[in-house]
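One structure below.
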Amino acid sequence: MIQTFDELINTLKGSQSKVVAVAYAHDTDALEAISKTHQEGIAKGILVGPKEKIEKAAATVGLSLTPFEIVDIDDEKAATQKAVALVREGQADVLMKGLCSTSTILSAVLDKVNGLRDAKLLSHITAFQIPSYPKLIIISDAAMNIAPTLEEKVGITENAIQVANRLGNPCPKVAVIAAVEKVNPGSMPCTVDAAVLSMMGSRGQIKNAVIDGPLAVDNAFSKHSCEVKGITSPVGGDADIAILPDIEAGNCFYKVMSYLALAKTAGIIVGARKPIVLTSRSDSDETKFLSIALAMKVS
Ligand code: COD
Numbered sequence: 131m132i133q134t135f136d137e138l139i140n141t142l143k144g145s146q147s148k149v150v151a152v153a154y155a156h157d158t159d160a161l162e163a164i165s166k167t168h169q170e171g172i173a174k175g176i177l178v179g180p181k182e183k184i185e186k187a188a189a190t191v192g193l194s195l196t197p198f199e200i201v202d203i204d205d206e207k208a209a210t211q212k213a214v215a216l217v218r219e220g221q222a223d224v225l226m227k228g229l230c231s232t233s234t235i236l237s238a239v240l241d242k243v244n245g246l247r248d249a250k251l252l253s254h255i256t257a258f259q260i261p262s263y264p265k266l267i268i269i270s271d272a273a274m275n276i277a278p279t280l281e282e283k284v285g286i287t288e289n290a291i292q293v294a295n296r297l298g299n300p301c302p303k304v305a306v307i308a309a310v311e312k313v314n315p316g317s318m319p320c321t322v323d324a325a326v327l328s329m330m331g332s333r334g335q336i337k338n339a340v341i342d343g344p345l346a347v348d349n350a351f352s353k354h355s356c357e358v359k360g361i362t363s364p365v366g367g368d369a370d371i372a373i374l375p376d377i378e379a380g381n382c383f384y385k386v387m388s389y390l391a392l393a394k395t396a397g398i399i400v401g402a403r404k405p406i407v408l409t410s411r412s413d414s415d416e417t418k419f420l421s422i423a424l425a426m427k428v429s
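With the numbering used here applied, the sequence shown corresponds to residues 131 to 429, in that order.
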């Protein structure tokens, strides 16, 4: 079972046959990340966008583009659609956002005819490595589904479980997070969703995981907290996955882990035919590299 990002990287070394398609690639951050990925022997890259601008961006950060194929397309929408097409046609294994806007890439991905949608819900998952916890923590959804319904939370949970399975954990422990551990139907509807997801796990409707909720964050990750509060839970204190109630909670968790707890962080969108790396400009170079690595592992 993969417990750290170093272990993840080690499992990928030598998998140079896999390819990342970068949409609108004249972005120095994306170019540096893809170049590191190539140097580490993890993946090759196809750069889609205006060739002259890609070369200029690479020159400003001193990168050689020799190892990369460039598909010369000026227009943002057309370049993004081409990168999506490369993934859809099997010429690339992962899609990565370059300088195109988030809405341009998401609408190309969600396009019913030419996009990357399968029957499944697309959701964002983040993996964190932090010294105070003995294994990677996966959370969802910090960036895609805004206010998921119960049905969408089932999709979010299943996607996160599949990522944990791909990381070698056949039966991850899933904490469905709320502010409290008691079901409060009147005032806190997310506690009801958490209880239903938990029951769907124990009835085998959601497979390959042990699910418990509602659990507050302290119950999910601290055995001491469970003892103090008298909570008996197969997940409490040892969660592999935390499902957050909505994008606000998910995004706050992500930013607190990254900016205040200084976690090593990787984030990708899953549920499409292939994973998508959609990092933001404020993410560190390390996060961009680790996100590509996680996408490679899941692809
Ligand atoms: N999975 C599968 N299909 C989806 C999903 C999904 N998560 N979301 C939308 N679709 C499908 C719909 O069924 C529909 O067929 C089509 O896509 C368009 O759906 P709309 O009209 O809801 O699409 P949008 O463009 O209004 O919304 C989709 C977004 C993903 C853009 C939207 O949910 C969004 O803005 N999410 C938050 C993104 C964000 O701001 N993140 C910032 C945090 S870093």
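No residue lacks a Cβ here, since even glycine has one placed at the ideal position from N, Cα and C.
It should be emphasised that the depicted structure is a prediction, and the values quoted were computed from it without experimental measurement.
Self-check item: Nearest candidate by alpha-carbon position, reference PHE198, set ASP223, LEU161, ALA209
Solution: Counted from its first residue, the sequence shown places residue 198 at position 68. Selected option, being the one with the closest Cα: LEU161.
Quiz item: By how many angstroms is the C-alpha of LYS303 removed from the C-alpha of ARG333?
Solution: Here residue 333 refers to the residue found at position 203 when the sequence shown is read from its first residue. Here residue 303 refers to the residue found at position 173 when the sequence shown is read from its first residue. Going from the Cα of ARG333 to the Cα of LYS303 covers about 15 Å.
Practice problem: Count the other CB atoms, across all protein chains shown, that sit within 10 Å of the CB of CYS301; report buried if there are 16 or more and exposed otherwise. | Solution: Looking up residue 301 in the sequence shown gives position 171. Flag for CYS301 reads exposed.
Quiz item: If we ignore side chains and look at the alpha-carbon of each, how far apart do PRO344 and ILE371 end up?
Solution: By one-based count along the sequence shown, residue 344 stands at place 214. By one-based count along the sequence shown, residue 371 stands at place 241. When rounded, the distance between both Cα atoms is 13 Å.
Quiz item: By the 10 Å Cβ neighbour count, where 16 or more other Cβ atoms means buried, how is VAL284 classified, buried or exposed?
Solution: Position 154 of the sequence shown, counted from the first residue, corresponds to residue 284. Buried.
Quiz item: Between the Cα of THR287 and the Cα atoms of ALA346, SER317, GLY298, THR256, which residue gives the shortest distance?
Solution: Here the question's residue 287 lines up with position 157 in the sequence shown. Ranking the options by Cα distance to THR287, first place goes to THR256.
Quiz item: Are VAL428 and VAL293 touching if we call contact CB-CB under 8 Å?
Solution: Stepping through the sequence shown from its first residue, residue 428 is reached at position 298. Stepping through the sequence shown from its first residue, residue 293 is reached at position 163. Yes. Within cutoff.
Quiz item: Alpha carbon to alpha carbon, how far is LYS418 from ALA402?
Solution: For this step, residue 418 is matched to residue 288 along the sequence shown. For this step, residue 402 is matched to residue 272 along the sequence shown. Straight-line Cα distance between these residues: approximately 19 Å.
Quiz item: Within 10 angstroms of its Cβ, does THR190 collect 16 or more other Cβ (buried), or is it exposed?
Solution: For the purposes of this step, residue 190 is identified with residue 60 of the sequence shown, where counting begins at 1. That one is exposed.
Exercise. Report the residue from ASN289, SER165, LYS181 whose alpha carbon sits nearest the alpha carbon of LEU193.
Key: The residue you call residue 193 lines up with position 63 of the sequence shown. That would be SER165, whose Cα lies nearest to the Cα of LEU193.
Practice problem: Can you give me the start and stop residues for the alpha helix (DSSP H) that GLU199 sits inside? | Solution: Position 69 of the sequence shown, counted from the first residue, corresponds to residue 199. Here GLU199 belongs to no alpha helix (DSSP H); instead the beta strand (DSSP E) covers 199–202.
Quiz item: So does LEU138 have its beta carbon nearer than 7 Å to some heavy atom of the ligand COD?
Solution: The residue you call residue 138 lines up with position 8 of the sequence shown. False, no ligand heavy atom lies under 7 Å from that Cβ.
Practice problem: With hydrogens ignored, establish whether the beta-carbon of GLY367 is closer than 7 Å to any heavy atom of the ligand COD. | Solution: For the purposes of this step, residue 367 is taken as the residue at position 237 of the sequence shown. No, Cβ of GLY367 sits at least 7 Å from all heavy atoms of the ligand COD.
Exercise. Please indicate yes or no: does the CB of ASN275 lie closer than 7 Å to some heavy atom of the ligand COD?
Key: Taking the first residue of the sequence shown as position 1, residue 275 is located at position 145. Yes, the beta carbon of ASN275 sits closer than 7 Å to at least one heavy atom of the ligand COD.
Practice problem: Give me the Cβ distance between LYS404 and VAL224, rounded to the nearest whole Å; I'm assuming they're in contact under 8 Å. | Solution: Taking the first residue of the sequence shown as 1, we reach residue 404 at position 274. Taking the first residue of the sequence shown as 1, we reach residue 224 at position 94. Confirmed, Cβ separation roughly 6 Å.
Quiz prompt | Buried/exposed call for VAL243, threshold 16 Cβ in 10 Å | solution = Along the sequence shown, read from residue 1 onward, the residue named residue 243 stands at position 113. Looking at its Cβ environment, which holds fewer than 16 other Cβ atoms inside 10 Å, VAL243 is exposed.
Quiz item: DSSP three-state call for ASN314: helix, strand or coil?
Solution: Counted from its first residue, the sequence shown places residue 314 at position 184. Secondary structure at ASN314: strand, using DSSP grouped into helix, strand and coil.
Quiz item: Whose C-beta lies closer than 6 Å to the C-beta of ILE235 among residues of the same chain, with five residues either side of it excluded?
Solution: Within the sequence shown, residue 235 is the residue found at index 105, counting from 1. These residues qualify, in order along the chain: ALA153, THR210, LYS227.
Quiz prompt | Residue closest to LEU142, alpha-carbon to alpha-carbon, out of VAL313, PHE351, HIS168 | solution = Translated into positions along the sequence shown, residue 142 becomes position 12. Checking every option, the nearest Cα to that of LEU142 belongs to HIS168.
Self-check item: Rounded straight-line distance, which links the Cα of ALA163 to that of THR196
Solution: In the sequence shown, counting from the first residue as 1, residue 196 sits at position 66. In the sequence shown, counting from the first residue as 1, residue 163 sits at position 33. Rounded to whole angstroms, THR196 to ALA163 spans 15 Å at the Cα level.
Exercise. Could you spell out where the beta strand (DSSP E) holding ILE164 opens and where it closes?
Key: As a first step, residue 164 is located in the sequence shown; it is residue number 34 there, counting from the start. ILE164 -> not in any beta strand (DSSP E); alpha helix (DSSP H) instead, spanning 158–169.
Quiz item: For LYS283, which of helix, strand or coil comes out of DSSP?
Solution: For this step, residue 283 is matched to residue 153 along the sequence shown. DSSP, reduced to helix, strand and coil, places LYS283 within a helical segment of the structure shown.
Practice problem: Determine the extent of the beta strand (DSSP E) in which MET131 is found, giving its start and end residues. | Solution: Start at 1 with the first residue of the sequence shown, and residue 131 comes out as number 1. Unbroken run through MET131: none, as it is neither H nor E.
Exercise. Tell me the start and end of each unbroken beta strand (DSSP E) in the segment 218–292 that is at least 3 residues and wholly inside, in chain order.
Key: 224–227, 253–259, 267–270
Exercise. Inspect the CB distances between the segment 406–417 and the segment 308–317 and report whether three or more fall short of 8 Å.
Key: Pairwise C-beta distances place the segment 406–417 out of contact with the segment 308–317, as fewer than three of them are shorter than 8 Å.
Self-check item: Rounded straight-line distance, which links the Cα of VAL214 to that of HIS221
Solution: Counted from its first residue, the sequence shown places residue 221 at position 91. Counted from its first residue, the sequence shown places residue 214 at position 84. For clarity, residue 221 is Gln in the given sequence; the question names His instead. The alpha-carbon atoms of GLN221 and VAL214 are separated by roughly 10 Å.
Exercise. Label HIS254 either buried or exposed according to how many other C-beta atoms from any shown protein chain fall within 10 Å of its C-beta, with 16 as the threshold for buried.
Key: Residue 254 sits at position 124 when you count from the first residue of the sequence shown. Answer is buried; the Cβ neighbour count reaches 16.
Quiz item: Roughly how far, in whole angstroms, is the beta-carbon of LEU424 from the beta-carbon of ALA396, given that I think they are within contact range, below 8 Å?
Solution: Residue numbering aside, residue 424 sits at position 294 when the sequence shown is read from its first letter. Residue numbering aside, residue 396 sits at position 266 when the sequence shown is read from its first letter. Their Cβ separation, rounded to whole angstroms, is 4 Å, which keeps LEU424 and ALA396 in contact under 8 Å.
Exercise. Output the boundary residues of the beta strand (DSSP E) element that contains THR395.
Key: Position 265 of the sequence shown, counting from 1, holds the residue named residue 395. That run of the beta strand (DSSP E) goes 394–400.
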